[in-house]
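In what follows, a structure is listed as structure tokens, so that the remarks can point back to it.
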Amino acid sequence: MAKILVVDDEAAILRALRAGLEARGHQALLATSGEEAIGKVALDAPDVVVLDLGLPDMDGLDVLRRIREWSDVPVVVLTAEGSDDRKVQALDEGADDYVTKPFSMAELLARLRVALRHRASGGGPPLDASVLEVGDVRLDLGRHEATVGGRPVDLTPKEFAFLAFLARWPGRVLTHRAILQEVWGPEYGTETQYLRVYASQLRKKLADDPEQPRLVTEPGVGYRLVDPAERPRP
Amino acid sequence: MVDLRAAGRAPWLGAGLGAALVVALSGALVPVRDNVTPASPALLLVLTVVVAGVVGGAASAVVTAVVAATAFNLVFVVPYWTLKVNAGEDWVALGVFLAVALVIGVLVAEQAERRRAAEAREADLRVLYEQMQAIAAERARLLEEAGRVSVLERVDEQRAALLRSVSHDLRTPLSAIRAVAEDLRDGPAYDDATRAELLATVCEEAERLDRIVANLLSMSRIEAGAFQPSRQAVDLAELVADRSRRLRALFRQARLQVDLPADLPLVDGDYSQLDQVVTNLLENAARYAPPGSTVRVTARPVGEGAVDGGVELRVADEGIGVPEWERARVFEPFRRGEGSASSGVGLAICKAVVDAHGGRISVHRTPGGGATFVVQLPAGG
Chain A
-4 MAKILVVDDE
6 AAILRALRAG
16 LEARGHQALL
26 ATSGEEAIGK
36 VALDAPDVVV
46 LDLGLPDMDG
56 LDVLRRIREW
66 SDVPVVVLTA
76 EGSDDRKVQA
86 LDEGADDYVT
96 KPFSMAELLA
106 RLRVALRHRA
116 SGGGPPLDAS
126 VLEVGDVRLD
136 LGRHEATVGG
146 RPVDLTPKEF
156 AFLAFLARWP
166 GRVLTHRAIL
176 QEVWGPEYGT
186 ETQYLRVYAS
196 QLRKKLADDP
206 EQPRLVTEPG
216 VGYRLVDPAE
226 RPRP
Chain B
83 MVDLRAAGRA
93 PWLGAGLGAA
103 LVVALSGALV
113 PVRDNVTPAS
123 PALLLVLTVV
133 VAGVVGGAAS
143 AVVTAVVAAT
153 AFNLVFVVPY
163 WTLKVNAGED
173 WVALGVFLAV
183 ALVIGVLVAE
193 QAERRRAAEA
203 READLRVLYE
213 QMQAIAAERA
223 RLLEEAGRVS
233 VLERVDEQRA
243 ALLRSVSHDL
253 RTPLSAIRAV
263 AEDLRDGPAY
273 DDATRAELLA
283 TVCEEAERLD
293 RIVANLLSMS
303 RIEAGAFQPS
313 RQAVDLAELV
323 ADRSRRLRAL
333 FRQARLQVDL
343 PADLPLVDGD
353 YSQLDQVVTN
363 LLENAARYAP
373 PGSTVRVTAR
383 PVGEGAVDGG
393 VELRVADEGI
403 GVPEWERARV
413 FEPFRRGEGS
423 ASSGVGLAIC
433 KAVVDAHGGR
443 ISVHRTPGGG
453 ATFVVQLPAG
463 G
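Chains as they are written, first to last, in the numbering used here: chain A, -4 to 229; chain B, 83 to 463.
This is the structure:
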């Protein structure tokens, strides 16, 4: 059971989420404005925050910034805006993930699970972890060896670095910029065409099922590595 | 620029013409020279100098004057056909003739010169004026062009704003519907009360979608200029009561209080359009009304008599209100309040409908804080 703060100015969304979360044994806290949300994060110490970016009193991104000044509570951003820029901005400002309206409850719950898991693990695996596992993908960082379902896969150093970065944060979306800077270096950030090429090669080598890929493209935002077995029903 | 003073002048032509006239005139007067005093040919010869001066300028006049004086001496001063002059008074006459011819010729030439210059200046001014006219026309055309471009830009902006509003507005109720419907299908077993509440939410959000679509359709009709009320006698009290009952769900947190007198005159209007006005005003009030506050709907007859006066409808909330400088602009399309989740077309539709009915809509401050929308409609027959 987790304590989940839902911030949205739409009464219908609040009613739906409260019912859905409580029925699954979570405790739902509700806030309808940015100020109220900041106050509740401070006073009630929720385990995770669901934050709508379109709030009546302030921009959701500002709420996120204010929260991030003193709290590392996982934040899943809820947005009705089609704009990818806002999602990327929210992720850059410290959001853990996002869900686009209209969303399904299962999708939101999956994101919340990932966010809660990262919080439980203290923000990802220890830096000196020598093995990363996401579903049947296993990466031995010391030997630079990758296997899928026990089958060895031959990866180039860049492909390995790309996959290892995603595998450190299973289920979580990582932005193009974050991946480029991690794998190619800090002077990179806009060369998303590299990522498309490497992602496509990786999918071939992992023998990803196009219907249920392990390496998921989030158009305009980035990539995430998921365990297909954990995927919510679409 | 061409030297305009030189333009109208032809010294050789003037002198030639002058000389020719002198010869012709002298020749013509030979038969009668003994029957007239020398003054007559002298005056006629001065005319040739005048002609030469007008045509060829001062130089032509001088040359013609000398030629005319010589001809006068040869033809009209005794003895004829010689340059000899016998009488002293003839010398005087010749001298006076030459002086008068010279003075008149030069004066006339100068005058003609001045007239030509004035004409040239006038032509010059006319050209300048035409150029300025052309520049002004070009400037006006450019301004008009710029105006058209800015109108197009505004239309583009409005279209983009509309798309943003539509996607935002439609997605918000759709989110709730989708989340609830999928959860009821795939999620945990809910108790009956929660299940009923969730299903009510789905219905309310579906109705909200319907209202948004109705507003968008009206907006497109208004923009296409095809928004004419089909009038009938409308009982506003009944309309408001009916609409308030249907929108009860919007007033879970704020209280809706409707107070309409029974003797309200009928309004000459389009029922469904007026219904949209009331719906949008109530939805707007519900959106801005803080929890625990009251939204008041009142109406009263206005004008001289209850019948030929009209009806005034007021929808007052106790929310944040509309600042003075925003009051005229809240009725513009796609202008949404601070952080508002509305499409920004609702109030624009209200204004379009009320205007089409020959009424007035305005927003004021609710005593104690909040916004009061006032609609005045003419009464029906």
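Heads up, the beta-carbon is just placed ideally off N, CA and C, and yes, glycines get one too.
Chain A contact residues for B/R330, given Cβ-Cβ distances below 9 Å: One-based indexing of the second sequence puts residue 330 of chain B at position 248. Within chain A, no residue comes near B/R330; the closest Cβ sits about 14 Å away, beyond 9 Å.
First through last residue of the beta strand (DSSP E) which encompasses A/L134: As a first step, residue 134 of chain A must be located in the first sequence, where it is residue number 139. Run containing A/L134: V132 to D135, per the beta strand (DSSP E) assignment.
Touch test, the segment 160 to 169 of chain A against the segment 216 to 227 of chain A, Cβ-Cβ under 8 Å, three pairs minimum: yes
Where B/H439 falls, given that 16 or more other Cβ within 10 Å makes a residue buried: Numbered from its first residue, the second sequence carries residue 439 of chain B at position 357. Buried is the call here.
B/D172 versus B/V159, B/A183, B/W163 and B/G441, residue with shortest Cα-Cα distance: For the purposes of this step, residue 172 of chain B is taken as residue 90 along the second sequence, with counting starting at 1. Minimum Cα distance to B/D172 is reached at B/V159.
Reduced DSSP secondary structure (H/G/I, E/B, other) of B/P460: Mapped onto the second sequence, residue 460 of chain B falls at position 378. It is a strand residue.
Outcome for B/V302 when other beta-carbon atoms lying within 10 angstroms are tallied against a minimum of 16: The residue you call residue 302 of chain B lines up with position 220 of the second sequence. Sequence check: residue 302 of chain B is Ser here, not Val. When all chains shown are included, B/S302 counts as exposed.
Coarse secondary structure for A/P205, derived from DSSP in three states: Here residue 205 of chain A corresponds to residue number 210 of the first sequence, with the count starting at 1. Correct three-state label for A/P205: coil.
Secondary structure of B/V144, DSSP reduced to three states: Residue numbering aside, residue 144 of chain B sits at position 62 when the second sequence is read from its first letter. B/V144: helix per DSSP, three-state reduction.
Chain B contact residues for A/K96, given Cβ-Cβ distances below 8 Å: Against the first sequence, residue 96 of chain A aligns to sequence position 101. Going along chain B in sequence order, the residues near A/K96 (Cβ under 8 Å) are R253, T254, L256 and S257.
CA nearest to the CA of B/P460, picked from B/L266, B/D352, B/A282 and B/T454: Position 378 of the second sequence, counting from 1, holds the residue named residue 460 of chain B. Nearest option by C-alpha distance: B/D352.
Of the listed residues B/G109, B/T376 and B/C285, nearest to B/Y162 (C-alpha basis): By one-based count along the second sequence, residue 162 of chain B stands at place 80. B/Y162 has its Cα closest to that of B/G109, out of B/G109, B/T376 and B/C285.
Where A/D47 falls, given that 16 or more other Cβ within 10 Å makes a residue buried: In the first sequence, the residue the question calls residue 47 of chain A occupies position 52. With 16 or more Cβ atoms within 10 Å of its Cβ, A/D47 is classed as buried.
Any C-beta of chain A under 8 Å from that of B/P372: Reading the second sequence from its first residue, position 290 is the one you call residue 372 of chain B. Not closer than 8 Å to any Cβ of chain A, the Cβ of B/P372 fails to qualify, so no.
Proximity winner among B/D399, B/L129, B/Q458 and B/A141, relative to B/Q339 (alpha-carbon distances): Position 257 of the second sequence, counting from 1, holds the residue named residue 339 of chain B. The option with the nearest alpha carbon to B/Q339 is B/D399.
Local Cβ density within 10 Å of A/T185, reported as buried at 16 or more and exposed below that: Reading the first sequence from its first residue, position 190 is the one you call residue 185 of chain A. Per the 10 Å Cβ criterion, exposed.
Nearest to B/A151 (by Cα), restricted to the options B/G139, B/K166, B/Q355 and B/V137: One-based indexing of the second sequence puts residue 151 of chain B at position 69. It is B/K166.
Alpha-carbon to alpha-carbon, B/G177 and B/A134: Within the second sequence, numbered from 1, the residue matching residue 134 of chain B stands at position 52. Within the second sequence, numbered from 1, the residue matching residue 177 of chain B stands at position 95. Going by the C-alpha atoms only, they are around 20 Å apart.
Beta-carbon gap between B/A323 and B/P373 smaller than 8 Å: To locate residue 323 of chain B, count along the second sequence from 1; it is residue 241. To locate residue 373 of chain B, count along the second sequence from 1; it is residue 291. In this structure, B/P373 does not lie closer than 8 Å to B/A323 by Cβ.
Top-ranked residue by Cα proximity to B/E414, from B/A275, B/L224 and B/V445: Residue numbering aside, residue 414 of chain B sits at position 332 when the second sequence is read from its first letter. With distances taken between Cα atoms, B/E414 lies closest to B/V445.
Inter-residue spacing [alpha-carbon to alpha-carbon] between B/T454 and A/F98: Along the second sequence, one-based indexing puts residue 454 of chain B at 372. Along the first sequence, one-based indexing puts residue 98 of chain A at 103. The alpha-carbon atoms of B/T454 and A/F98 are separated by roughly 36 Å.
Below-8 Å beta-carbon distance, B/V389 vs any chain A residue: The residue labelled residue 389 of chain B in the question sits at position 307 within the second sequence. Residue placement at B/V389 cannot be trusted, given a pLDDT of 44 that sits under 50; what the coordinates show is reported in the next sentence. Output row for B/V389: interface = no.
B/P255 and A/A6 closer than 8 Å at C-beta: Here residue 255 of chain B refers to the residue found at position 173 of the second sequence. Here residue 6 of chain A refers to the residue found at position 11 of the first sequence. Not closer than 8 Å, so no.
Cβ pair B/G96, B/V137 closer than 8 Å: Taking the second sequence and counting its residues from 1, the one referred to as residue 96 of chain B is at position 14. Taking the second sequence and counting its residues from 1, the one referred to as residue 137 of chain B is at position 55. Cβ distance < 8 Å, so B/G96 and B/V137 count as in contact.
Members of the segment 260 to 284 of chain B near chain A, C-beta cut-off 7 Å: R260, A261, V262, E264, D265, D268, G269, P270, Y272, T276, E279, L280 and T283
Residue nearest to A/R138 in terms of C-alpha spacing, selected from A/D87, A/I33 and A/V126: Position 143 of the first sequence, counted from the first residue, corresponds to residue 138 of chain A. Closest option to A/R138, Cα to Cα, is A/V126.
Under 8 Å between C-beta atoms of B/A381 and B/L395: On the second sequence, position 299 is the one that residue 381 of chain B refers to. On the second sequence, position 313 is the one that residue 395 of chain B refers to. Their beta carbons are under 8 Å apart, which means B/A381 touches B/L395 by this criterion.
Simplified DSSP state of B/P383, which is helix, strand or coil: Taking the first residue of the second sequence as position 1, residue 383 of chain B is located at position 301. B/P383: strand per DSSP, three-state reduction.
Classification of B/V389 by the beta-carbon crowding that lies within 10 angstroms, buried from 16 upward: Counting from one through the second sequence, the residue named residue 389 of chain B turns up at place 307. Note that B/V389 has pLDDT 44, beneath the 50 cutoff, so the model's placement of it is unreliable and no number is given.
Buried versus exposed call for A/D204 [16 or more other C-beta atoms within 10 Å across all chains shown]: The residue given as residue 204 of chain A occupies position 209 in the first sequence. Exposed, because fewer than 16 other Cβ atoms sit within 10 Å of the Cβ of A/D204.
Segment contact, 8 Å Cβ cut-off, at least three pairs: the segment 81 to 90 of chain A with the segment 53 to 66 of chain A: yes
Residue of B/S122, B/A102 and B/G269 minimising C-alpha distance to B/L111: Sequence index remark: in the second sequence, residue 111 of chain B carries index 29 (1-based). Checked all of B/S122, B/A102 and B/G269; the closest Cα to B/L111 is B/S122.
C-alpha distance - B/V105 paired with B/E220, whole-angstrom precision: As a first step, residue 105 of chain B must be located in the second sequence, where it is residue number 23. As a first step, residue 220 of chain B must be located in the second sequence, where it is residue number 138. Between B/V105 and B/E220, the C-alpha separation is close to 59 Å.
Within-8 Å CB hit, A/I(-1) to chain B: As a working mapping, residue -1 of chain A is identified with position 4 in the first sequence. No - not a single Cβ of chain B is within 8 Å of the one on A/I(-1).
Cutoff 8 Å: B/E287 Cβ touching any chain A Cβ: As a first step, residue 287 of chain B must be located in the second sequence, where it is residue number 205. Yes, because at least one Cβ of chain A sits closer than 8 Å to the Cβ of B/E287.
Cβ-based neighbour list, A/F155, same chain, cut-off 8 Å, excluding 5 preceding and 5 following: Translated into positions along the first sequence, residue 155 of chain A becomes position 160. Same-chain partners within the cutoff: L134, H139 and A141.
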